[in-house]
Structure formats: C-alpha cells, structure tokens
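From first to last, the protein sequence lines stand for chains A and B. Mind the numbering: the first sequence is residues 0 to 243 in numbering that gives the first Met the number 0, read in order. Mind the numbering: the second sequence is residues 0 to 301 in numbering that gives the first Met the number 0, read in order. Where a beta carbon is used, it is the ideal one built from N, C-alpha and C, also for glycine. Predicted model only: the values in this text are computed from it and were never measured. Note sheet for the following structure.
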Amino acid sequence: MDKIVDWFSIFWQESAEGTGTYAYTLLLGLQLTLEISIIAALVAFVMGSIVGVCRTLPSPLVRRLSGGYVEFFRNIPLLVQLFLWYFVLPELLPRDIGMWMKQIPHANFYTAAVGLGLFTSARVAVQLSAAITSMPRGQKMAATALGLTTRQSYTNVLLPMAYRIVFPPLTSELLNLIKNSSVALTIGVAELTQSARNMDSYTFQTFQAFTAATLIYLVLNILVTTVMRRIERGVAVPGMLVAK
Amino acid sequence: MALSRWVLGLALFAMPGLAQAQDLTGTLKKIKDTGTITIGYRETSIPFSYLGAENKPVGFAMDICEKVVDAVKKELKDDTIKTNYVAVTSSTRIPLIANGTVDLECGSTTNNAERQKQVSYTNSHYLSESKYVTKKASNINSIADLKGKTVVSTAGTTNIKQLNERNQADNLGLTILAAKDHAEAFLNVETDRAVAFVMDDILLAGLAANSKDPSLYVISTDSFSKAEPYGIMLPKGDEPFKKVVDAATAEIYKTEGPELYKKWFQSPIQPKNINLNLPLSPALAKQFEAPLDAADPDAYIR
C-alpha cells in the first residue's frame, strides 16, 4: 500500500510548468479535452444532420455536393485535416484574412474543435442518410399523400425516426470523437494526452502519467455511454424499434 | 663483462623513448600495442560529427579529434598509428567508451555530472544555449521585445520549461505554444503564428539554414539558459591519456578555435553547402581562450 502511495505521490508534486501540481496539469488537460469534444460534437451533429439529409433529397445536384463533402472529410486522415486547417488554409487565403486567422487567440484550440467536428460530421451524415433510406418507402409516400411538403415530411415523419435508429452508432461516434480529440496535441493543444506526455517528459514517470490518462479516458467514456443509453431508452418509441 | 652489462643497462635507462614505453598504461598502451586509435563519430550530428561527402565522417568535433590523434602519435613517437572510425549513436556512445571499444567520442555530447560517473571529458568544444529564432522583419532584438507576443517551443523539452520560468519571473505575458516537434515549432514561426521559437541555438541554426529562405531568419544573442558544455568523451580514470588529450585540445582551441568555428558554423559546409550562420557566443570565445572541462554550466559564466 505504501508503495502505491509512493508511486502516485508524483501527482501532488509541483509541475515543471509552474502552474500547479501534476494532478492539476492533467485536470487542465481533461478540461480542454471536454471543451474540444463538446464543440466538435455540436459541429458534427449540426453539419452531419444537414449533409445527411441532403444525401437523401431528390435533387441530384444537392446529392452530389453532399456526397463530395462526405468523401472529402471521410477519406483524409484526421491528422492531415488538422494540419490543413491550421497550417495550410491561412496561407491559401488572402494575406489579411490569413493573418487574422493566425492572430485569433487560441486559434489552435478552435481549429482542433471545428476540424474534429467536421471530420466526425461526415461519418454522422453517412449514418443518418443510411437510417433515412433504411426506413420503409411507405413512410415517405404516406407523408407525401397527406400533403406534407418535403421539408415537413422530413421534420415530422422521417427525421424523428431516423435519429432514433442512429442513436446507438451516434454514441459510438461520440466516444470516437472524445478519443480522437487527442490528435489536437499535434497542433499544440495541451489536452489530456499532451498533458500526460508533458508530465512524462519532465518526470520520466511514464507509468504513472499514462495510467492516469488511461483511467480518466475510461471513466469519461463510461459516463458518456451510460448517459447515452439512458437517453436512448427514454426516447424509444414502443414497438417501432427492436424490442427491449 | 659485468661492466658492459652495467653500461648497457644505463644506456637503456637513459633512452627516454624506451623508458616511456614501459611506463605506458591504459589507453595509451592499448593504442601503442595495437597500432590503432579508435574514434567514435555520429552520423547526423551536423555540424559536429556527421557523414559528409563520400560518406566520410567530418565535422567540427572530427577536426578537433584529428588533431588530438596527431598529438597522441607525437606523444607515442609513432607515426604508423592508424585511425579507426566507429559510428556511435546517442544510446551506444557511453557504453562503447566505457568498455574500451572507442578511445575518443567526437560528437555533440553534453558534459554533465551524471555521465562523468562513467566517462571522462576533455575541454569542452561547444556551449549550447537556449536561444530563439525570429524573422528579421519582426524586429525583435532582445527577450524584453518578446513581451506580450506569441512564442513557441517544443513540448516536453527543458527549453519550454525555461521559457515558462522566464515568462513568470520577468512578467513577460507571453502566449506560449507547445509544438509536437522542432520542425513543427519552426513552422509556427515560418507561418507567423509565433514570433519566436525557443530552442538550443545549434538546432535553431540547422532548422533556419534548411528552411525555404534562410536569409529571413535571425538567431538571438539573448539566451534563456546557461550554456551547456559539449565535450569529447574518453575512458574514465585514464589520467595519462586525458593529460595528453587535454593538452592537445587546449592548444587547438587557443591557436585555431575561432578559425575552426568559422569553418563549421559560419561557412558553407558539406554535403549541401549550407551555411549555419551562427555567431560565436562570448562564452565560447572565452572557452577557446581559457579551455575548461567542467560539467557545471556555472563554470563557463566568466
């Protein structure tokens, strides 16, 4: 027991960055991970919904454009995308706009959050459009027969069901998103993984640093899974989906 | 008969070369016996020790070592001694010196107290300081000019630690970015995301020299740290050998230190004819005038 206490005493030591203890460093990292994940989840949900719906609309042009969006964000590695947004995009824009982008305080944080959100939105879009097309054709026909416009048939008939169908895969996407947020460290955001790495490089206490990071990610994702299950059960339409 | 033997004995004793040969110990004896001296070199420690044109080890430290070899030959009065080159890495250099495979390690090895438990060092040949690179256009001439600006360093290095400490101590109000590696940190300056990149001066010189337009950048004279000495390693506890090497390096630094520095740090170097353009620091100039082999960075503040 004493040995374990000894091992983990490192967390209460003053950190080399001089901002507090190493435990505090990790908590700051967790906070950034959460902030990035929340912003990214919102971006992913909104953009994913818009693009997902577009992929099922009758207009071929809209379908092609939204298809292009999905292929762009789905086929380029997240790491490369963050580099594109952070380092390449400001150079391609007119100089003044590029400089303005670079001067935004915490530009790397927002780049990471939005970049991760867009990357995930392509995956959400594919799942949502798959859910919409998987529903019996009769649903859409009935909505049209009732005199609903395309917009009304989506908001009142198709989407409420489609979101329920994609809820379990969306939970997976949310978990992936939280884990993928660690990629933000490549553009200098000191999120949880980077905090653990910093702690490791200053103290050489690799085991402690990464054990702590592992446990924090694990607890966070278990919490998210539990909450999402609750919501899933709460919004289930009896008899419509797989009976539980 | 008895007399002639006595005379012969006296004559033998009077011949300094022979008497010395019997006294040789350790590395000097090994070099004499085997007729070879083994030098450890680095493959990519530009400009200290690296493979240049025709895959031959060259560099600032290699030049010094070549002259040390000459001094050893002179000491042993043996011009037939051959030089054997062995490539070493960060992780093999200390064990290879400790087990006697390599007699001199000529590279960019920091001399510190921890390592002195296993190896010895001759007079330091370089003092690496934590400095910063900026674009000439940003007109930054001192650390004070950085006040309130965005500065980048590499995550997990002692440099970023020193930067954080200085930021708090001097109330500079810096925004500090932590890049994942040196190349990316430099990219932050190149693309104007940060005005300065804080790192070891020699690494900065290499990055700037290899950038798209080296003429855009300037390396600071102000530094964030004490100078860390780089030394040529030799086997521990071999005083006679160390004495020869120390005398040789002291002589080299005093007579041609600045000239050698100019050759490797301020002129185009092979294989790509890049000029590192790194000014000679006052501390290193002092070190060339009065060479030291101390591990303690404080010893070089004079």
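- Between A/Leu25 and chain B, the shortest Cβ-Cβ separation is not below 8 Å.
- At a C-beta separation below 8 Å, A/Leu184 has these neighbours in chain B: Ala154 and Lys179.
- For the 8 Å CB-CB criterion, B/Val197 and B/Tyr131 form a contact.
- Counting C-beta pairs closer than 8 Å gives three or more between the region 82–101 of chain B and the region 28–47 of chain B, which meets the contact rule.
- With a cut-off of 8 Å on Cβ pairs, the region 138–146 of chain A is not in contact with the region 66–73 of chain A, counting fewer than three such pairs.
- Looking at the DSSP output, B/Asp199 shares a beta bridge with B/Ser129.
- Taking the C-beta atoms as reference points, A/Ser133 is found no nearer than 8 Å to A/Thr143.
- Distance from the CA atom of B/Leu176 to the CA atom of B/Gly155, rounded to whole angstroms, is 12 Å.
- A Cβ-Cβ distance of about 7 Å is found for the pair A/Leu115 and A/Ile35, placing them in contact under the 8 Å criterion.
- For the C-beta of B/Asp191, the chain A residues within less than 8 Å are, from N- to C-terminus, Met98 and Lys101.
- Residue contact check for A/Glu13 against chain B: no CB pair falls below 8 Å.
- At least 8 Å separates the beta-carbon of A/Val165 from that of A/Ala43.
- Any Cβ of chain A closer than 8 Å to the Cβ of B/Lys160 would place that residue at the interface, and such an atom is present.
- For A/Ala189, the nearest beta carbon of chain B is closer than 8 Å to its own beta carbon.
- A distance of 8 Å or more separates the beta carbons of A/Ser8 and A/Thr24.
- Note: B/Ile175 is bridge-paired with B/Val150 in the DSSP secondary-structure output.
- Close partners of A/Phe86 in chain B (Cβ separation under 7 Å): Leu186 and Thr190.
- Distance from the CA atom of B/Ser123 to the CA atom of A/Pro89, rounded to whole angstroms, is 45 Å.
- In chain order, Asn107 and Gly187 make up the part of chain A whose C-beta sits under 8 Å from the C-beta of B/Leu176.
- Residue range Leu158 to Asn179 is occupied by the alpha helix (DSSP H) that includes A/Pro168.
- According to the DSSP assignment, B/Tyr49 belongs to the beta strand (DSSP E) that extends over Ser48 to Leu50.
- Within chain B, Ala154, Gly155, Ile159 and Ala177 have C-beta atoms less than 9 Å from the C-beta of A/Asn197, given in sequence order.
- The region 111–125 of chain B makes no contact with the region 73–80 of chain B, as fewer than three CB pairs between them are under 8 Å.
- With a cut-off of 8 Å on Cβ pairs, the region 58–72 of chain B is in contact with the region 236–256 of chain B, counting three or more such pairs.
- Across the region 197–212 of chain A, CB contacts with chain B closer than 8 Å involve Asn197, Asp199, Ser200 and Tyr201, in sequence order along the chain.
- Closest option to A/Gln102, judged by alpha-carbon separation, among B/Ile93, B/Met61, B/Gly99 and B/Thr149: B/Thr149.
- B/Lys81 carries a strand assignment under DSSP once its states are collapsed to helix, strand and coil.
- The Cβ atoms of A/Met46 and A/Ser120 lie closer than 8 Å to each other.
- Within the model, the alpha-carbon separation for A/Met160 versus A/Ala40 is close to 21 Å.
- Checking the DSSP bridge columns, you'll see B/Met232 partnered with B/Glu104 and B/Tyr120.
- Flagged as an interface residue toward chain B: A/Pro89, by a C-beta distance shorter than 8 Å.
- Sixteen is the threshold: since fewer than 16 other Cβ atoms of the shown chains lie within 10 Å of the Cβ of A/Phe203, the residue is exposed.
- Under the DSSP definition of a beta bridge, B/Thr35 partners with B/Lys81.
- The continuous alpha helix (DSSP H) containing B/Ile251 extends over residues Glu238 to Phe264.
- By the neighbour-count definition (other C-beta atoms within 10 Å, threshold 16), B/Ser48 is a buried residue.
- Between B/Leu23 and B/Ala193, the alpha-carbon positions lie close to 58 Å from each other.
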